[in-house]
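Here the structure comes first, spelled out in structure tokens, and everything after it is commentary.
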Amino acid sequence: MYGEQGKPAFSPDTRLWFNLSHSGDDIALLLSDEGEVGCDIEVIRPRDNWRSLANAVFSLGEHAEVEAEHPEQQLTAFWRIWTRKEAIVKQRGGSAWQIVSVDSTLNSALSVSQCQLDTLSLAVCTPTPFTLTADCVQRLESIA
1 MYGEQGKPAF
11 SPDTRLWFNL
21 SHSGDDIALL
31 LSDEGEVGCD
41 IEVIRPRDNW
51 RSLANAVFSL
61 GEHAEVEAEH
71 PEQQLTAFWR
81 IWTRKEAIVK
91 QRGGSAWQIV
101 SVDSTLNSAL
111 SVSQCQLDTL
121 SLAVCTPTPF
131 TLTADCVQRL
141 ESIA
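Using the UniProt record's numbering, you'd call the opening residue of the sequence shown number 1 and step up by one each time.
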């Protein structure tokens with residue numbers, strides 16, 4: 001089944017919601033019995049045009065968050081904000097084009113939590129309070 005904007009879903013009589021994301025060799029799966037959820041995972045990697053992309057889709061508050069970081073940490077801040085925005089859009093069932101309309105620095109009725117591990121940035125958006133910590137993340141290095 002799919003939602004109005006194409007988000008995969010379980011049947012309406014199943015009181016479970018999920019979201020998936022992947023980047024490189026990593027995948028994130030988020031399950032909930034409390035309502036729609038969204039997640040995004042990104043490998044923190046160089047991206048030649050990250051500043052122009054941020055100029056196109058980040059709010060003033062998000063730009064300020066990047067600029068507040070030491071120059072060597074600004075790319076990491078870009079990925080942190082990007083994953084947060086994607087998780088919010090995906091929770092709403094929206095498409096990637098709607099990322100521009102999301103200001104992830106504003107307070108919301110939703111709970112947005114994120115975690116950065118080594119070279120990964122992970123964000124989740126849930127209908128109820130949830131804190132994402134390194135303990136919540138399990139990396140399966142190899143599956144035999």
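Glycine included, C-beta positions come from ideal geometry on N, C-alpha and C.
Relative to the C-alpha of residue i, which residue among the options is closest?
{"i": "S101", "options": "P129, D25, A54, S23", "result": "A54"}
{"i": "F18", "options": "R45, D26, Y2, G24", "result": "Y2"}
{"i": "L75", "options": "E42, E4, A28", "result": "E42"}
{"i": "P129", "options": "A28, S11, E34", "result": "E34"}
{"i": "residue 197", "options": "P71, F58, Q73", "result": "Not covered by the structure: residue 197. The range shown for the chain is 1 to 144."}
{"i": "T133", "options": "P127, Q116, L120", "result": "Q116"}
{"i": "V112", "options": "Q98, A64, T131", "result": "T131"}
{"i": "D48", "options": "E69, A64, L60, F78", "result": "F78"}
{"i": "P71", "options": "L60, R51, W82", "result": "R51"}
Contact check, residue i vs residue j under 8 Å by CB: the rounded distance?
{"i": "V124", "j": "V66", "result": "With a Cβ gap of about 21 Å, V124 and V66 do not count as contacting."}
{"i": "S104", "j": "E62", "result": "6 Å"}
{"i": "I27", "j": "T119", "result": "I27 to T119, Cβ: 15 Å. No contact."}
{"i": "L20", "j": "L29", "result": "6 Å"}
{"i": "R80", "j": "S121", "result": "5 Å"}
Considering only their Cβ atoms, is the gap separating residue j from residue i smaller than 9 Å?
{"i": "A87", "j": "Q114", "result": "yes"}
{"i": "C39", "j": "K7", "result": "no"}
{"i": "L110", "j": "T126", "result": "yes"}
Name, in chain order, the residues that DSSP records as bridge partners for residue i.
{"i": "N19", "result": "L30"}
{"i": "G61", "result": "The partner list for G61 (beta bridge, DSSP) is empty, contrary to what the question assumes."}
{"i": "A123", "result": "D40, Q114"}
{"i": "P8", "result": "Y2"}
Can you name the start and end residues of the alpha helix (DSSP H) that residue i belongs to?
{"i": "E86", "result": "74-91"}
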